[in-house]
Amino acid sequence: MRISTRFILIGTQHGENVGAAARAMKTMGFTDLALVGPRDPKVLHRQKVVQRASGANDILKNANIFNSLEEAVAERNVVCGTGMPFDMYRKRTERKYIEPRTFFDKLVNEEG
Numbered sequence: 012m013r014i015s016t017r018f019i020l021i022g023t024q025h026g027e028n029v030g031a032a033a034r035a036m037k038t039m040g041f042t043d044l045a046l047v048g049p050r051d052p053k054v055l056h057r058q059k060v061v062q063r064a065s066g067a068n069d070i071l072k073n074a075n076i077f078n079s080l081e082e083a084v085a086e087r088n089v090v091c092g093t094g095m096p097f098d099m100y101r102k103r104t105e106r107k108y109i110e111p112r113t114f115f116d117k118l119v120n121e122e123g
């Protein structure tokens, strides 16, 4: 099974984070970046973002912007995510958590 990884940033407020994510992705060998509803729809072309990407301009150039998370994950059969809550004191829906190493071991060893 070929695993295709897409990194999705949702509702980004600070463009420099997009550039930093692109740089980190390039360092780790990933290429597929998607944004969902960024505050600035032209974020991928801002000078500060390009500077923060520091050599990962190809990641920014090929990144896609989507209107919804559903669009960004369409045609994906496995989706995993992480995030930072805005309100640390808010009660959250209980979710099933799996250690990343265990998740990826299961994913790689899954037949299909």
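Residues 12 to 123 in our numbering are what the sequence shown lists, from first letter to last.
C-beta: ideal position from N, C-alpha, C; glycine also.
By the criterion of a C-beta distance shorter than 6 Å, Leu55 is surrounded in its chain by Leu71, Ala74, once the five residues flanking it on both sides are discounted. In its chain, beyond the 5 residues on either side, Gly26, Glu27, Gly30 have a beta carbon closer than 8 Å to the beta carbon of Lys59. Exposure of Lys107 is indicated by the presence of fewer than 16 other C-beta atoms within 10 angstroms of its C-beta. According to the DSSP assignment, Arg17 belongs to the beta strand (DSSP E) that extends over 17-21. By DSSP's assignment, Phe77 forms a beta bridge with Val47. The C-alpha of Leu46 lies about 23 Å from the C-alpha of Phe115. Between the alpha carbons of Ile109 and Thr93 lies a distance of about 12 Å. Excluding five sequence positions before and after Val90, the CB atoms of its chain that fall closer than 6 Å to its own CB belong to Val84, given in chain order. DSSP, reduced to helix, strand and coil, places Phe41 outside both helices and strands of the structure shown, so it counts as coil. Shown here, Lys117 sits in a helix according to DSSP, grouped into three states. Contact between Ala32 and Leu20 holds, since their C-beta atoms are separated by about 6 Å, short of 8 Å.
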